[in-house]
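I have placed the structure first, in the form of C-alpha cells, so that the comments after it can refer back to it.
There are 4 protein chains.
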Amino acid sequence: MSRPKSEEKRNTLLSVAAQVFAKNGLSASTASITSAAGMAEGTLFVYFKGKDELINALYAEIKNDLAETMLFGHPQNGSVQEKLYHVWSNYVDWGAKNPDRLAALHKIKVWEGLKAEVREATAERFCELQSLTESAIANGAVSELPYEFILAVFSAQAETTMQFIKREPHKSDFYKENGFKMFWNGITAKG
Amino acid sequence: MSRPKSEEKRNTLLSVAAQVFAKNGLSASTASITSAAGMAEGTLFVYFKGKDELINALYAEIKNDLAETMLFGHPQNGSVQEKLYHVWSNYVDWGAKNPDRLAALHKIKVWEGLKAEVREATAERFCELQSLTESAIANGAVSELPYEFILAVFSAQAETTMQFIKREPHKSDFYKENGFKMFWNGITAKG
Amino acid sequence: MSRPKSEEKRNTLLSVAAQVFAKNGLSASTASITSAAGMAEGTLFVYFKGKDELINALYAEIKNDLAETMLFGHPQNGSVQEKLYHVWSNYVDWGAKNPDRLAALHKIKVWEGLKAEVREATAERFCELQSLTESAIANGAVSELPYEFILAVFSAQAETTMQFIKREPHKSDFYKENGFKMFWNGITAKG
Amino acid sequence: MSRPKSEEKRNTLLSVAAQVFAKNGLSASTASITSAAGMAEGTLFVYFKGKDELINALYAEIKNDLAETMLFGHPQNGSVQEKLYHVWSNYVDWGAKNPDRLAALHKIKVWEGLKAEVREATAERFCELQSLTESAIANGAVSELPYEFILAVFSAQAETTMQFIKREPHKSDFYKENGFKMFWNGITAKG
DNA sequence: AATGAATGAGCGTTCATTCAT
DNA sequence: GATGAATGAACGCTCATTCAT
C-alpha cells in the first residue's frame with residue numbers, strides 16, 4: 017500500500033488558503049497557497065479537484081468551525097438572554113481570534129462560485145441556534161419578526177461588533193456587551 | 017483637442033461595469049465590460065487609467081449616489097426618529113431598486129484593491145447622516161455608544177432588511193418598518 | 017480604426033504550424049509555433065479560437081491546397097487515362113514538394129479532434145475528381161467497384177508512391193509512372 | 017526476487033492501451049490506461065520504463081500479431097495468386113476483428129517517438145511475405161517494380177479495403193474479393 | 001477620441017514519473 | 001511486486017494593457 021492521503025495536509029492547505037485569501041483575495045494563485053504551505057503546486061489538486069472546490073471546502077470548513085464554536089459550552093440552564101449572550105460572546109471572540117478566517121469568509125460570501133448546496137448545507141449546522149431564537153421569540157421578543165430575520169440581524173450586529181473590536185481592541189468588552197444589549201433591546205422592547 | 021471625452025461614455029462604462037461585476041464578480045474581464053457597453057476594448061482605458069481605477073471610481077460613484085439618495089427629501093422638521101426613518105426608507109428603497117449596484121458595492125467592499133483614500137473620501141458624504149445620529153444620541157439613545165458604531169449598525173441592519181425584501185418582495189413594507197423598529201428600539205431602550 | 021487582422025499573419029501561422037507539427041507531432045506546444053513564427057504567444061489566439069481550431073483550419077487549408085493543385089492545368093481533351101494521370105502527377109509532385117504539409121496531414125487524419133464537418137467539407141473540393149473517376153468507370157474500368165473505393169485506392173497508391181519517391185528521389189519518374197500503371201491496370205484489366 | 021512480474025498484467029496493459037489509444041489518441045494519460053486496466057498508476061512503470069516504451073512495445077506487439085495472423089494457415093501448395101489471396105484475406109479479416117489495434121497502429125505509425133529499431137525489427141517478421149512477393153514477381157508480375165513497393169501497395173490497398181468494410185460491413189466479401197482483384201491485376205496486367 | 005490587434009506575464013490544471021509504504 | 005500520494009515542469013489559454021492606425 018502507498019502513502020495514505022494525509023488529513024493533516026488537507027487541513028494545512030485549508031488553513032493556509034484562508035490566510036492567503038484573506039490577504040490577497042480569492043484571486044490569489046493556487047501556487048501562492050501551496051508555496052506558503054511548503055508543498056508542490058500539484059499537491060493541492062490531490063486534495064481538491066480544483067480551485068473552486070478548495071474555496072467551497074474552505075467555506076464549509078470555516079462555517080462548521082464557527083457553528084461549533086458558537087454553541088460551545090452552551091449553558092443548559094439560564095434565561096434565553098443568557099443563552100443568547102453566550103452564543104454572541106463565542107461568536108465575537110471567534111472573530112477576534114480568527115481574523116483571517118473571518119476575512120476569507122466575507123470574501124467567499126460574495127463570491128459567484130459558491131455552490132448553493134454548500135451554502136445551504138452549512139446552514140443546517142446552525143439549527144440549534146434557530147431553536148434558541150425561536151425560544152427567545154416565544155418568550156417575549158417582537159413576535160411578528162420571523163426568526164430567520166432575527167438570526168440575520170444577530171449575525172450582522174455581531175459582525176459589526178467584531179469590526180469595531182478589531183479597530184479598537186482595548187474596548188473589546190465594551191463593544192461586546194453594548195452590541196448585544198442593542199440587539200436584545202431591539203428584539204424585546206415594545207416600541 | 018479634437019473630440020472631448022464624453023461624460024456619457026464614462027457613465028455608461030460605470031453603469032455597465034456595476035452590472036457585470038454584480039453578475040460575474042470583480043474578476044470579470046475589462047473586455048466583457050466594454051463589449052456589454054458596445055465599445056471597443058481600448059476605450060475603457062481612455063476613461064480610466066486601469067481596471068483598478070475603474071473599480072475605485074465605481075465604488076465612489078455608487079457611494080455618492082447612495083449618500084445623495086439617502087438624504088433626498090430630508091424633512092427639516094419632525095422628530096429625530098422620523099428623520100432617521102426617512103433616511104432608512106430611502107436607503108432600503110435604493111437597495112431594492114438597484115440590486116446590481118448594491119451587489120457590486122458588496123464585492124468592492126471586501127476587495128483588496130480599494131484605496132484607503134477612496135474609502136475615506138466617500139465617508140465624508142455621509143456627514144449629514146452623522147449629525148443626525150449625533151442628534152439621536154443627544155436625544156436619548158444609548159449614550160455610551162459612539163455614533164460611528166450606531167451608524168454601522170444602522171447600515172448593517174438596513175442591508176439585512178434589503179436582503180429579506182429581495183427574498184420576499186411582498187413583505188417589503190413589513191420588513192422596512194419592523195427592521196427600523198428593531199434598530200430604533202436597540203439604540204433607545206434602556207436594558 | 018485600429019490595425020486590421022492580417023491575412024498574412026494567419027497564413028504564416030498555418031504554414032509554420034505545418035512545419036512544427038510535421039516535425040514534433042500535434043502535441044507540439046502553441047508557444048513553439050508562435051515562437052517559430054516570430055510572434056507573441058497570445059497572437060495565435062487572435063487568429064484561432066484555440067489549438068483545436070488551428071489544427072482543423074490547417075487540415076482544411078492543406079486539403080484545399082491539395083485539391084486545387086491536383087486539378088491544376090487539367091486537360092479538357094484527351095483520354096480518361098491521360099486526364100487521371102495528369103491528376104496523379106500533380107498529386108505526387110505536390111507531395112514531393114510539400115513534405116511537411118503531407119506529414120502534418122497524415123497526423124491530423126488520425127487525430128481525434130478533427131471535426132466531422134471539416135472532414136466532410138473538404139471532401140467537396142474533390143468533386144471534379146469524382147466525375148473523372150466516374151468517367152473512367154463508364155469507360156471500361158471494373159464497373160462493380162464504387163467510385164469512392166476507386167478514389168480511395170487512387171489516393172492510397174499515390175501516397176505509397178510519394179513515400180518511395182521520398183526515399184529514392186532519383187527514381188522519382190520511375191515510381192510515378194509505374195505506380196500509376198499499377199493503379200490503372202488494377203481498375204481496367206479484366207481478371 | 018519476491019513476486020515475479022506477471023506476463024498477464026503486461027498483456028492486459030498492452031491490450032487496454034490499444035483500446036485507450038484508439039479512442040483518445042496517444043496523448044491519453046498513462047493513468048487512464050492503468051485505471052481502465054484496474055491497476056494502480058505506478059504499476060505501468062513496473063512493466064514499462066515509461067510511456068514511450070509502452071507505445072513502442074505496443075507497436076511491436078501489434079505488428080507481430082499481425083504478421084503471425086497474416087501467414088496463419090498458409091497453404092503449401094497452390095498458385096502464387098492463391099497464396100497471396102490467403103494472406104490478403106487474413107489481413108483484412110484481422111483488421112475487421114481488431115479495429116482498436118488497427119486504429120492504434122495507425123496512430124503509432126505517424127508518431128514521432130517510434131524508434132527506428134522497433135520499426136525495422138518488425139519488418140523482419142514479414143520476411144516470408146517478402147519471398148511470396150518475390151515469387152509473384154518471378155511468376156509474371158510487372159517485373160520492374162521492386163518487391164518492397166509491391167508489398168507497400170498490397171498493404172495500402174488492404175487497409176483501404178478494411179476502411180470500406182468497416183463502413184459497409186454487409187459488403188465485406190465484395191470488397192475483400194474485388195480489392196484483391198484490383199491489386200492482382202495491378203501487378204500482373206501488361207499495360 | 002476611438003479602435004482592436006498585438007503583447008507576454010501569469011494562471012489553473014494535467015500528467016509522466018518517482019518513491020515511501 | 002504493487003500502490004497511489006507527491007512532485008514540478010509544461011501546457012493551453014486569458015487578459016489588462018499598449019499603441020499603430
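Protein chains in written order, with our numbering: chain A, 17 to 207; chain V, 17 to 207; chain X, 17 to 207; chain B, 17 to 207. Each residue gets a CB set at the ideal place from its N, CA and C atoms; glycine is no exception.
Beyond the five residues adjoining it in sequence on each side, V/A73 comes within less than 7 Å, by CB distance, of L30, F64 in the same chain, given in chain order.
For V/Q35, the nearest beta carbon of chain A is not closer than 8 Å to its own beta carbon. Taking a contact to require three or more Cβ pairs closer than 8 Å, the segment 126 to 139 of chain B and the segment 74 to 87 of chain B qualify as touching. Listed along chain V, the residues sitting closer than 8 Å to A/M198 by beta-carbon distance are V158, L161, V169, G202, I203. Between B/F170 and B/F190, the C-beta spacing is not below 8 Å. DSSP places V/P115 in the helix class (H, G or I) of the three-state scheme. Each residue's CA atom was taken as its position, placing B/E57 and A/K131 some 32 Å apart. Going by beta carbons, A/A120 and A/F37 fall inside the 8 Å limit. Among the residues of chain X, those whose CB is under 7 Å from the CB of B/K123 are V126, following chain order. Contact annotation: X/L60 and X/I49 have beta-carbon atoms nearer than 8 Å. Going by C-alpha positions, X/E164 is about 48 Å away from V/S51.
Annotation: Cβ neighbours of A/S43 in chain V (cutoff 7 Å, chain order): S43. B/M86 places its beta carbon 8 Å or farther from that of B/N114. Around the beta carbon of X/N201, 16 or more other beta carbons lie within 10 angstroms, which makes this residue buried. Residue burial is scored here from C-beta neighbours: X/Q92 has fewer than 16 other C-beta atoms within 10 angstroms and is therefore classed as exposed. It is roughly 14 Å from the alpha-carbon of B/K192 to the alpha-carbon of X/I166. Contacts with chain V at 8 Å (Cβ-Cβ) do not include A/Q146. Along the length of the segment 91 to 173 of chain A, whole alpha helix (DSSP H) runs at least 4 residues long occupy 96 to 113, 115 to 125, 132 to 140, 143 to 154, reported in chain order.
Boundaries of the alpha helix (DSSP H) harbouring B/T85: 67 to 87, taken from the DSSP string. Between V/V103 and V/L148, the C-beta spacing is below 8 Å. The residue among A/L161, A/A33, A/L145 with its C-alpha nearest the C-alpha of A/L100 is A/L145. Relative to the Cα of B/A112, the nearest Cα in the group B/K206, B/K21, B/E184, B/A152 belongs to B/E184.
Chain-ordered, the chain B residues with CB closer than 8 Å to the CB of X/N40 read E128.
Close to V/N194, with beta-carbon spacing below 9 Å, are these residues of chain A in chain order: V158, E160, L161, F165. CA-to-CA, the gap between V/E175 and V/V108 works out to about 7 Å. With respect to the 8 Å criterion, V/V32 and V/A53 are classified as neighbours on the basis of their beta carbons. At a Cβ-Cβ threshold of 8 Å, V/A205 and A/A205 count as neighbours. In the three-state reduction of the DSSP assignment, V/G41 falls in the coil class.
Taking a beta-carbon distance threshold of 8 Å, A/F180 counts as an interface residue toward chain V. Per DSSP, the unbroken alpha helix (DSSP H) holding A/A47 starts and ends at 46 to 52.
In terms of CA proximity to V/E23, V/V62 leads the group V/Q35, V/K39, V/A34, V/V62. Under the 8 Å criterion on CB atoms, B/A154 is classed as non-interfacial with respect to chain X. Rounded to whole angstroms, the separation of the alpha carbons of B/R117 and B/V134 is 17 Å. Residues of chain V whose Cβ lies closer than 7 Å to the Cβ of A/T176 are, in chain order, A168, V169, A172.
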